[in-house]
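Everything on this sheet refers to the single structure shown next.
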Amino acid sequence: MFEDIKAIFKNDPAEKGLQWILYPGLHAITCHRYLAHPLYKAHLFFLARFVSQLNRFMTNIEIHPGAKIGKGLFIDHGSAIVIGETAVIGENCTLFHNVTLGGTGKHTGKRHPTIGDNVFIGTGATLLGPITVGSNVKIGAESVIIMHDIPSNCTVVGAPGRIVRLNGEKVDIKPERTKE
Amino acid sequence: MFEDIKAIFKNDPAEKGLQWILYPGLHAITCHRYLAHPLYKAHLFFLARFVSQLNRFMTNIEIHPGAKIGKGLFIDHGSAIVIGETAVIGENCTLFHNVTLGGTGKHTGKRHPTIGDNVFIGTGATLLGPITVGSNVKIGAESVIIMHDIPSNCTVVGAPGRIVRLNGEKVDIKPERTKE
Amino acid sequence: MFEDIKAIFKNDPAEKGLQWILYPGLHAITCHRYLAHPLYKAHLFFLARFVSQLNRFMTNIEIHPGAKIGKGLFIDHGSAIVIGETAVIGENCTLFHNVTLGGTGKHTGKRHPTIGDNVFIGTGATLLGPITVGSNVKIGAESVIIMHDIPSNCTVVGAPGRIVRLNGEKVDIKPERTKE
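Residue numbers (this note's numbering), protein chains in the order written: chain E, 782 to 961; chain U, 782 to 961; chain P, 782 to 961.
Now the structure itself:
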């Protein structure tokens, strides 16, 4: 939780003094880390989901109790975020409001994205399917990434998302759908 | 309502046991079917709207009391969904979060979409205007469909939405704005 | 506030009688104008933010207490709207749900958009950065405008947003990123 608070100070230019205690993003993550996810791991699925839905009601951020979240996550604004059951998020990531880490409806088992470390996901970006996003990735606002992986050290923009920067060089790569 | 519950089990791979009673989508549809819409039909418009706004507050799903919804609707996640007053939804449809069935602001009277049966509308799709969407249609995440109809038995993706599959064949059709 | 109510009647074809008193958009604006923003101007930042977060919880509309909003604003539906700290909105504007007037994360100080008078911003439009949007502008649903200005008297659609009408003439202009 201390790492999550540090993440707010590192990332938010509007933060003044003690306001971080009001952030719904922090509330949602804390509730998930210390209540919903432990209940899920203890196979108390109904109770875990109940806590998660209460969390959604209070913060408007929907994190399925099964999602695995690394330390130092910063959720800014957070409205209408959906993070699916089998999603995995690495360390020191930033999620803006309206981001979806969801499924396509065609898969069972692992069906949501796995995100690396130091990943920034802008407002309204939609990532669907059991894909893998590398580390040190920036995903622009309103990008759409469906059923293909994203390498490390790159910037993705657009719908469908194109890689416009890779290992510090300007590029223009349209990733192929490598998964069905 | 029984049909709505069956729709959850048919569509949601994360569903475990009794969790369906926690789903805001089910709450929102039930409240609309048995309270808001009947009040609207009884011309108790203010009360109907009050119930609908309370429904929005509790579930973050906004269904205007005038909207007509067929049986077996499944709303997944649901945050920030907006369904307009003159919208019509057929049977056995699926709506993800952030879907808008809205108006363009230029029309009066019938000004929201009419959706057929077995229609799947992905995350963040936006449908505006008094358009008609056929049956057995799949509308991809983040698609935008403004002021044109969509035929039956097709798949639509992109912004603006293109028909990429029609009657089982791959196609690439950019629908023309057939309405003003 | 009277101007805000007039704006509802002018813009909403679904409005019937007294329903305006139920509109979350009106609640959010009133709370911002008469409570959150005055507290912010009095440098009571924590209290201002607390009111703003409460406002977000009640209405699902997030207006930073620092945002400056001209008279006669109409917010329709409103779910998941985010208006940043240094955003400025002129008179007689309309905002639909899911609109973001946000920052890019790269700036400090003035880092959110300035919007002119009589501007219509459709569902899900995303405007990021310390940009200026002129007056009498219509921004289409799901448009994305990042780090460039928009002139007066025009219509913008698409992602990235293109100017398709300017001073009454049909055009097709892709604005350049004039800012870094």
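Just so you know, even glycine gets a beta-carbon here, dropped at the ideal spot from N, CA and C.
Whole-Å CB distance - residue i paired with residue j, under 8 Å assumed
| i | j | result |
| --- | --- | --- |
| U:H878 | U:G865 | Their Cβ separation, rounded to whole angstroms, is 17 Å, which puts U:H878 and U:G865 out of contact at 8 Å. |
| P:I931 | P:G903 | The pair is not a contact, with the Cβ atoms about 14 Å apart (cut-off 8 Å). |
| E:G884 | E:H893 | 6 Å |
| P:S933 | P:G897 | 6 Å |
Whole-angstrom distance between residue j and residue i, CA atom to CA atom
| i | j | result |
| --- | --- | --- |
| U:I926 | U:G798 | 36 Å |
| E:S860 | E:N841 | 5 Å |
| E:I802 | P:L803 | 30 Å |
| U:R814 | U:I850 | 8 Å |
| E:P941 | E:D953 | 12 Å |
| U:V880 | P:G890 | 34 Å |
| U:H929 | U:P956 | 7 Å |
| E:A809 | P:F855 | 30 Å |
| P:E872 | P:L807 | 15 Å |
| U:M839 | E:V945 | 41 Å |
| E:N792 | U:L816 | 44 Å |
| E:C874 | E:F901 | 6 Å |
| E:G915 | E:T811 | 25 Å |
| E:I870 | E:G949 | 23 Å |
| P:R943 | E:K787 | 39 Å |
| E:F827 | E:T867 | 17 Å |
| P:G910 | P:I862 | 16 Å |
| U:K951 | E:L908 | 24 Å |
| U:A795 | U:H858 | 12 Å |
| E:I789 | P:R830 | 15 Å |
| U:A823 | P:Q800 | 16 Å |
| P:G835 | P:G847 | First, the amino acid is wrong: residue 835 of chain P is Leu here, not Gly. Straight-line Cα distance between these residues: approximately 15 Å. |
| U:T913 | U:L882 | 11 Å |
| U:L825 | E:Y821 | 44 Å |
| U:V832 | E:S833 | 24 Å |
| U:M782 | U:E843 | 18 Å |
| P:S924 | E:H888 | 31 Å |
| P:L947 | U:R837 | 38 Å |
| E:E784 | E:P819 | 19 Å |
| E:T895 | P:K852 | 45 Å |
| E:R958 | E:N899 | 24 Å |
| P:P805 | P:L876 | 13 Å |
Residue i - partner residues in DSSP beta bridges
| i | result |
| --- | --- |
| U:L876 | U:I856 and U:I902 |
| E:L828 | Note: E:L828 sits in no beta bridge, so no partner. |
| E:K951 | E:R946 |
| U:K791 | Note: U:K791 sits in no beta bridge, so no partner. |
| U:V869 | U:K849 and U:T895 |
| E:I864 | E:I844 and E:L882 |
| U:I931 | U:V914 |
| E:K919 | E:F901 and E:T936 |
| U:L909 | U:G883 and U:I927 |
Coarse secondary structure for residue i, derived from DSSP in three states
| i | result |
| --- | --- |
| P:R946 | strand |
| U:K891 | coil |
| E:K822 | helix |
| P:T936 | strand |
| U:E784 | helix |
| U:G883 | strand |
| P:I844 | strand |
| E:L803 | helix |
| U:R958 | coil |
Is there contact here, the region 907-922 of chain U with the region 935-945 of chain U, by at least three beta-carbon pairs under 8 Å? By the Cβ rule, the region 907-922 of chain U counts as touching the region 935-945 of chain U, because three or more pairs are nearer than 8 Å.
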